[in-house]
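Asks:
There are 2 protein chains.
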Amino acid sequence: MARVKEFDEVKALEKAMHLFWNHGYDGTSLQMLEKAMGLVRSSIYNTYGNKRKLFNTVISHYEKTVITQLMMSVEKESDIRKSMSKMLNGEINLHFNKNNPGGCLIVLSVLEKAQHGDESTKLLESIVKKMEKFLTKKISEAQNEEQISTAVDVKSVSLAIATTVVGIAVMGKAGFSKSALQNMVATTISLLDAS
Amino acid sequence: MARVKEFDEVKALEKAMHLFWNHGYDGTSLQMLEKAMGLVRSSIYNTYGNKRKLFNTVISHYEKTVITQLMMSVEKESDIRKSMSKMLNGEINLHFNKNNPGGCLIVLSVLEKAQHGDESTKLLESIVKKMEKFLTKKISEAQNEEQISTAVDVKSVSLAIATTVVGIAVMGKAGFSKSALQNMVATTISLLDAS
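Protein chains in written order, with this note's numbering: chain A, 1 to 195; chain B, 1001 to 1195.
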């Protein structure tokens, strides 16, 4: 029975995640959460505390699932051009995956900063910064391995790729096509070719 | 008197613009609008129709002022590397200008798509697409003038720069420093150096 309960909780959490991801924080009402999660308000409060705490739990869940999955596929790839392509294409696929609401929950929530208190803001900013640091680490390692020239400005190229990753979530939402964004990836990756 | 009235209307509209820019659409209540605009609900309805119509008026005002101003400074610059630097630095300055709420109203609103109907969505998407087309036109002209090599993939480089522009709004909101983002600009501009 424990396993069944755990499964249901994850399912309910993912329903909440999709609501926040689609509608934003203030755009997601308790009524919408009750309906999607199949829980009455008192059960939501008993399990998660309140809407704010539920949101923080959702953000951590998004990090542990969606983002970690993407990072792991990037981490596995030792060729830096291939790994950065995976990162960018991963973000494109995240948007165009029909099971998702589109865009990125972290990108939306960062922009809705004024709707969040200090705790959520810290959590959200740390996730974006971790992503950028992860790219810096990968590119720096590749430079040490002589996969890329010492002429590559690791800090700026990492930030440029991280900025493109978050920008993709916006451009996808603004209606740019998957193929146009995919074609752009090679251009962004060419930043690693400085010599 | 007409001139005074016009001035006040623009001022009220900009107060509304800053609210939506900071809090998002659903995050901005009528009470917040009344207080910031110094108008009672009936005056807002009489002047703008309703919250949705006020939002569309605000978006058009943002395009005519904030975005047009940026485009014009970019348009005036005939050197393509300098003009694209102006575009990227303009977006950085937009975020770090202390008179603004940070980020970009269009980027936030595009991500809050689910909060908007067809009319607002069309308006928002058209603004992002116009920005990208404007970059394509500038880069294409520069290629015809032999400022950049024929090896530059105009479509992909334009989209990469446009994606970086919207991404800057996110990275600024996520707490990246002005100097780190400014240092990144030269890297993004190097996409024009393909040969």
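Ideal placement from N, C-alpha and C gives every residue a C-beta, glycine not left out. As the structure is a prediction and not an experimental result, all values here were calculated from the model.
Please report whether the beta-carbon of residue 268 (chain A) lies at a distance below 8 Å from any beta-carbon of chain B.
Replies: Chain A is shown from 1 up to 195; residue 268 (chain A) falls before or after that span and cannot be answered.
Asks: At a CB-CB cut-off below 8 Å, which residues of chain B make contact with residue 146 (chain A)?
Replies: Under the 8 Å cutoff, chain B gives no residues; its nearest Cβ is about 20 Å from residue 146 (chain A).
Asks: How is the alpha helix (DSSP H) around residue 141 (chain A) delimited, first residue to last?
Replies: 118-144
Asks: Report the CB separation of residue 1151 (chain B) from residue 1120 (chain B) in whole angstroms; it is logged as a contact under 8 Å.
Replies: About 40 Å; that fails the 8 Å criterion.
Asks: Whose CA, out of B:1159, B:1186, B:1181, lies closest to the CA of residue 178 (chain A)?
Replies: Taking only the C-alpha atoms, the option nearest residue 178 (chain A) is B:1159.
Asks: Would residue 1166 (chain B) pass as a contact of residue 110 (chain A) if the rule is Cβ separation under 8 Å?
Replies: no
Asks: Against chain B, does residue 180 (chain A) count as a neighbour if the rule is that its beta carbon must be under 8 Å from one of theirs?
Replies: yes
Asks: Mapping the DSSP letters down to three states, classify residue 1056 (chain B) as helix, strand or coil.
Replies: helix
Asks: How would you call residue 1049 (chain B), buried or exposed, if buried means at least 16 neighbouring beta carbons within 10 angstroms?
Replies: exposed
Asks: Would you verify that the beta carbon of residue 1001 (chain B) is, or is not, closer than 8 Å to some beta carbon of chain A?
Replies: Its pLDDT being 44, under 50, residue 1001 (chain B) is placed unreliably in this model, and the coordinates cannot settle the point.
Asks: Less than 7 Å separating the Cβ of residue 28 (chain A) from some heavy atom of the ligand FMN?
Replies: Because no ligand of any kind appears in the structure shown, any question about the ligand FMN cannot be addressed here.
Asks: Given that residue 1173 (chain B) touches chain A, what residues does it touch there, using C-beta distances under 8 Å?
Replies: 110, 111, 113
Asks: Under a CB-based cut-off of 8 Å, is residue 1079 (chain B) close to chain A?
Replies: no
Asks: Buried or exposed: residue 87 (chain A), going by 16 or more other Cβ atoms within 10 Å of its Cβ?
Replies: buried
Asks: Would you list, in chain order, the members of the region 1018-1032 of chain B that have their beta-carbon closer than 8 Å to a beta-carbon of chain A?
Replies: 1022, 1023, 1024, 1025, 1026, 1027
Asks: Can a CB atom of chain B be found closer than 8 Å to the CB of residue 160 (chain A)?
Replies: yes
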